[in-house]
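Engineer:
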Amino acid sequence: MCGIFGYKGKKVKLSCLLDGLQRLEYRGYDSCGVAAYNAGNFLCKKNSGKITQLKTNLKANLGNQYSLALLHTRWATHGQPTKANAHPHKSFKKNIYMVHNGIIENYLDLKNKLKGKGYKFKSDTDSEVAVNLIASHYRGSIEKAVFSAVKELKGSFALAVFSESEPDKVVGVRNKSPLLVGVSPQGYFLASDLPAIVPLAKEAVYLKEKQVVVLDSNKINIYDFQQKKVKVNKEKIKIKNEEAKKKGFKHFMLKEIYQQPKVLQDALNIYTKKNQINFNQLKLSKSYLKGIKNIFITACGTAFHAACVAKYFLERHTKIKIEVDTSSEFRYRDFNVDKGDLFIAISQSGETADTLAALKKAKKQKAKVLSICNVLGSSLVRESDSFIYTPAGPEIGVASTKAYTAQLFCLYLFSLYLATIKGTVSGREKNKMLEELSRVPFHQRKILKQTRKISAIAKKFSKMGCFLFLGRGINFPSALEGALKLKEISYIPAEGYPAGEMKHGPIALIDEYRAVVCIAPMDSLHEKMTSNLQEIKARKGKILAIINPADKAILSFADQAVYIPKLKFQEFSPLLVAVALQLFAYSVAKNLGAEIDQPRNLAKSVTVE
Ligand code: M6R
């Protein structure tokens with residue numbers, strides 16, 4: 005899960021290349037580097053830390069122009085984030101440079117073999133083994149060396165390679181890790197993901213699995229691993245060049261939290277018209293949808309929590325059996341998916357390796373695949389039979405916020421659409437729910453207005469050493485998501501739990517030093533929640549309650565409260581709870597001085613297994 009950026013064409017400034025790499029920084033940011041060449045001038049620089057550091061180190065060179073370059077931003081898998089382990093890696097012999105995304109599973113075997121041939125290694129990475137393997141096959145043609153090497157490599161890898169002896173040529177490889185080529189009048193850009201090239205290219209060529217691209221003297225040629233030439237399919241890039249700017253917000257995360265009402269309004273505008281839900285663009289016929297037997301939903305992290313919320317709503321209103329699992333488990337299970345089953349994969353990035361693998365497995369078993377995704381043109385969208393686009397726009401903060409509520413919102417709409425087709429929800433009821441959904445952006449704004457209050461509460465809680473987040477029913481996944489948000493950006497241990505399970509173990513944790521965040525809107529489980537909270541209070545736990553206004557019962561013993569508007573259909577409350585918990589996590593992390601947009605050890609898109 006690293007970012008690869010490459011270039012071959014007319015001369016461009018180093019600053020432009022580094023900007024391109026920076027647009028991939030969400031994929032990893034523990035170390036980075038560049039190797040660039042022009043007319044005999046060669047540059048290679050790496051450092052641990054972020055790209056701003058690399059830019060500072062290369063201050064004197066930023067205006068220099070290069071016709072060929074490989075750049076990389078790393079998320080460490082093998083070896084610590086040191087300068088020696090940063091990419092590009094140079095081969096011990098033959099002066100070949102390479103950047104890599106993925107994991108070479110048989111790197112130890114290969115390393116031993118290469119050591120036997122006299123190769124020496126400077127890093128702990130699997131990537132350095134791959135570049136030396138290529139060097140061991142090099143006889144004057146870099147693409148031929150690459151073709152031979154990929155036969156021996158096991159695992160997932162996207163590679164970009166060049167040889168100092170052929171400084172007019174860049175070779176790219178895709179094998180279970182994404183790689184695409186941006187085409188512009190200036191030249192060709194290689195990138196792990198589309199956002200990197202959007203400001204630079206109008207067309208893109210998406211490499212397919214087990215393909216090699218050779219960018220040579222302003223020509224592009226693509227081959228399969230058997231060296232057979234394949235057709236180059238250029239596609240227009242449809243996404244807009246939305247420059248990532250914080251627009252007055254201190255962090256991208258805060259900006260993205262604030263964008264949520266607008267995102268949901270956009271979703272309403274796209275998928276509803278005059279009280280009708282319109283998913284007519286879906287490539288799944290109404291007769292197919294009507295006959296669905298089971299629905300399997302899979303996703304990772306925050307997207308998985310969206311899937312868990314959807315399960316409650318979908319099974320209630322469509323009466324279809326729903327199964328939800330994290331992709332990293334689902335893909336290794338012996339599940340039986342049938343032709344009449346629908347498989348839904350949810351992902352912000354559309355590049356999450358485990359979700360893609362789960363999708364491929366379901367497809368093999370002939371299930372129809374629907375993806376819910378925030379990136380048009382992503383691998384997930386391209387592999388699916390049909391997709392629902394979540395119009396959240398680029399999400400830069402590593403902690404997912406607006407993508408989550410966009411996923412939830414689209415899932416609510418899709419559930420109602422399906423229930424209407426199946427006749428399990430009446431037109432009247434659907435209209436009422438749709439009306440309620442259309443008011444959610446307004447309600448979310450009310451919560452955003454409490455930012456100051458929430459940050460004052462967060463100040464009081466930010467010294468607590470451990471948090472439990474409790475919810476019931478459709479808000480149990482909200483508890484999971486609240487805990488994930490807090491731990492990933494503040495590094496405080498936090499656990500999400502179904503409140504009813506407390507007495508089966510976790511209540512042993514409770515004392516005056518533990519904070520408990522309770523999600524308790526006035527729904528059918530409210531009384532049960534109230535009892536659970538009293539049990540916590542009796543054991544001196546510090547309670548932050550997320551409740552509806554005028555909830556006197558809980559207010560009488562909660563230490564602090566954040567109010568979320570009461571809805572006619574409390575099933576939609578996760579859309580409001582999320583905003584309150586995001587603001588809380590953000591404020592705690594800010595109080596602790598944590599690095600909010602790029603938390604340690606994480607990356608935005610997880611393309612390794
Ligand atoms: O791009 P995806 O939605 O597939 O990513 C899934 C998870 O990696 C992601 O939600 C992750 O858990 C976030 N950091 C959570 O904030």
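Quick note on numbering: the working numbering labels position 424 of the sequence shown as 428, and the sequence is numbered without any gaps. C-beta: ideal position from N, C-alpha, C; glycine also.
1) Between the alpha carbons of Phe283 and Leu28, how many angstroms are there, rounded?
2) Pick out every residue whose C-beta is nearer than 5 Å to a heavy atom of ligand 1: which are they, in chain order?
3) Go through its chain and collect everything with a Cβ distance to Tyr262's Cβ below 8 Å, but skip five positions before and after it.
4) What residue from Val103, Asn45, Lys97 and Lys63 has the CA that sits closest to Cys36's CA?
5) If we ignore side chains and look at the alpha-carbon of each, how far apart do Pro603 and Lys594 end up?
6) Identify the continuous beta strand (DSSP E) that holds Glu327 and give its terminal residues.
7) In three-state terms, what does DSSP make of His91?
8) Using DSSP bridges, identify the partner residues of Val103.
9) Specify, as a first and last residue, the run of the beta strand (DSSP E) that Asp228 falls within.
10) Using 8 Å as the threshold, is the C-beta distance between Ala3 and Arg335 below it?
11) If I follow the unbroken alpha helix (DSSP H) through Ile425, where does it start and stop?
12) Confirm, please, whether the CB-CB distance from Asp601 to His255 is below 8 Å.
13) Please go through the same chain and pick out, in chain order, the residues whose beta-carbon is closer than 7 Å to the beta-carbon of Leu62, but skip the five residues on each side of it.
14) Tell me the residue span of the beta strand (DSSP E) that contains Cys377.
15) At the level of alpha carbons, what is the spacing between Lys115 and Val177?
16) Could you name each continuous beta strand (DSSP E) segment of 3 residues or more that falls completely within the region 272 to 357, going from the start of the chain to the end?
17) Can Lys491 and Ala498 be called in contact, C-beta distance under 8 Å?
18) Going along the chain, which unbroken runs of the beta strand (DSSP E) with 3 or more residues stay wholly within the region 460 to 545?
19) Have a look at Ala200 and Phe9 and give me their C-alpha separation to the nearest angstrom.
20) Alpha carbon to alpha carbon, what distance is there between Glu156 and Lys124?
21) Quick one: measure Cβ to Cβ for Ala139 and Phe96, integer angstroms, because I've assumed they're closer than 8 Å.
22) The alpha helix (DSSP H) that contains Ser188, what's its start and end?
23) Let me check understanding here. Comparing Cα to Cα, which of Asp113, Ile324, Val187 and Asn479 lies closest to Ser528?
24) So, helix, strand or coil for Ala43, using DSSP?
25) Could you tell me whether the Cβ atoms of Ala487 and Gly500 are closer together than 8 Å?
26) By how many angstroms is the C-alpha of Asn51 removed from the C-alpha of Leu293?
27) For Ser383, collect the residues of the same chain with a Cβ closer than 7 Å to its Cβ; drop the 5 residues on either side in sequence, then sort them by chain order.
28) Would the region 274 to 282 and the region 306 to 317 be scored as touching if the rule is three or more Cβ pairs under 8 Å?
29) Please state whether the Cβ-Cβ distance between Ile392 and Phe413 is less than 8 Å.
30) Looking only at its chain, what residues have a beta carbon closer than 6 Å to the beta carbon of Thr445, apart from the 5 residues adjacent to it on each side?
31) Mind checking whether Gly475 and Ala512 have CB atoms under 8 Å apart?
32) So, does the CB of Gln84 fall closer than 8 Å to a CB anywhere in chain D?
33) Bridge partners of Ser390, per DSSP?
Structural biologist: The structure says:
1) Reading the sequence shown from its first residue, position 279 is the one you call residue 283. Reading the sequence shown from its first residue, position 24 is the one you call residue 28. Using only the alpha carbons, I get a separation of about 32 Å.
2) Per the Cβ criterion, the list is Cys304, Gly305, Thr306, Ala307, Ser351, Gln352, Ser353, Thr356, Ala403, Ser404 and Val610.
3) Translated into positions along the sequence shown, residue 262 becomes position 258. Taken in chain order, the residues that qualify are Phe253 and Leu452.
4) Residue numbering aside, residue 36 sits at position 32 when the sequence shown is read from its first letter. Nearest of Val103, Asn45, Lys97 and Lys63 to Cys36, Cα basis: Val103.
5) Taking the first residue of the sequence shown as 1, we reach residue 603 at position 599. Taking the first residue of the sequence shown as 1, we reach residue 594 at position 590. Between the alpha carbons of Pro603 and Lys594 lies a gap of roughly 12 Å.
6) As a position in the sequence shown, residue 327 is number 323, starting the count at 1. Glu327: member of the beta strand (DSSP E) spanning Lys325 to Thr330, first to last residue.
7) Taking the first residue of the sequence shown as 1, we reach residue 91 at position 87. Coil at His91, not helix or strand.
8) As a working mapping, residue 103 is identified with position 99 in the sequence shown. Ala164, per the DSSP bridge assignment.
9) Along the sequence shown, one-based indexing puts residue 228 at 224. Going by DSSP, Asp228 is part of the beta strand (DSSP E) stretching over Lys223 to Asp228.
10) In this structure the chain extends from 5 to 613, so residue 3 is not present and cannot be described.
11) Residue numbering aside, residue 425 sits at position 421 when the sequence shown is read from its first letter. Where Ile425 is concerned, the enclosing alpha helix (DSSP H) stretches over Lys406 to Lys426.
12) Position 251 of the sequence shown, counted from the first residue, corresponds to residue 255. Position 597 of the sequence shown, counted from the first residue, corresponds to residue 601. For His255 and Asp601, yes; Cβs fall inside 8 Å.
13) Your numbering for residue 62 matches position 58 in the sequence shown. Cβ neighbours of Leu62 beyond the five flanking positions: Leu18 and Lys49.
14) Taking the first residue of the sequence shown as 1, we reach residue 377 at position 373. For Cys377, the uninterrupted beta strand (DSSP E) run begins and ends at Lys372 to Cys377, by DSSP.
15) By 1-based counting over the sequence shown, the position of residue 115 is 111. By 1-based counting over the sequence shown, the position of residue 177 is 173. Going from the Cα of Lys115 to the Cα of Val177 covers about 20 Å.
16) Under the rule that a run must span 3 or more residues, the beta strand (DSSP E) segments found entirely inside the region 272 to 357 read 298 to 303, 325 to 330 and 346 to 351.
17) For the purposes of this step, residue 491 is taken as residue 487 along the sequence shown, with counting starting at 1. For the purposes of this step, residue 498 is taken as residue 494 along the sequence shown, with counting starting at 1. The answer is yes: Cβ separation under 8 Å.
18) Fully enclosed beta strand (DSSP E) runs of 3 or longer: 471 to 475, 498 to 502 and 519 to 523.
19) Here residue 200 refers to the residue found at position 196 when the sequence shown is read from its first residue. Here residue 9 refers to the residue found at position 5 when the sequence shown is read from its first residue. Their backbone Cα atoms lie some 8 Å apart in a straight line.
20) Walking along the sequence shown from the start, residue 124 turns up at place 120. Walking along the sequence shown from the start, residue 156 turns up at place 152. Rounded to the nearest angstrom, the gap between the Cα atoms of Lys124 and Glu156 is 19 Å.
21) For the purposes of this step, residue 139 is identified with residue 135 of the sequence shown, where counting begins at 1. For the purposes of this step, residue 96 is identified with residue 92 of the sequence shown, where counting begins at 1. With 8 Å as the limit, Ala139 and Phe96 qualify as a contact, their Cβ atoms being about 7 Å apart.
22) Here the question's residue 188 lines up with position 184 in the sequence shown. Careful: Ser188 lies outside any alpha helix (DSSP H) and carries neither H nor E.
23) To locate residue 528, count along the sequence shown from 1; it is residue 524. Ser528 has its Cα closest to that of Asn479, out of Asp113, Ile324, Val187 and Asn479.
24) Mapped onto the sequence shown, residue 43 falls at position 39. Ala43: coil per DSSP, three-state reduction.
25) Numbered from its first residue, the sequence shown carries residue 487 at position 483. Numbered from its first residue, the sequence shown carries residue 500 at position 496. Their beta carbons are under 8 Å apart, which means Ala487 touches Gly500 by this criterion.
26) As a working note, residue 293 is residue 289 in the sequence shown. As a working note, residue 51 is residue 47 in the sequence shown. So the alpha carbons of these two residues sit roughly 52 Å apart.
27) The residue given as residue 383 occupies position 379 in the sequence shown. Within the same chain, Pro182, Gly354, Glu355 and Leu360 come within 7 Å of Ser383 by CB-CB distance, once the 5 residues on both sides are set aside.
28) No, because fewer than three Cβ pairs between the region 274 to 282 and the region 306 to 317 fall closer than 8 Å, the two stretches do not touch.
29) Mapped onto the sequence shown, residue 392 falls at position 388. Mapped onto the sequence shown, residue 413 falls at position 409. Not a contact, by the Cβ cut-off of 8 Å.
30) In the sequence shown, counting from the first residue as 1, residue 445 sits at position 441. Correcting the residue type first, residue 445 is Pro in the shown sequence and not Thr. Taken in chain order, the residues that qualify are Pro265, Leu268 and Gln269.
31) The sequence position of residue 475 within the sequence shown is 471, counting from 1. The sequence position of residue 512 within the sequence shown is 508, counting from 1. Result no, Cβ atoms of Gly475 and Ala512 do not sit closer than 8 Å.
32) Here chain D cannot be found, since the structure has a single protein chain.
33) Mapped onto the sequence shown, residue 390 falls at position 386. Paired residues: Leu374.
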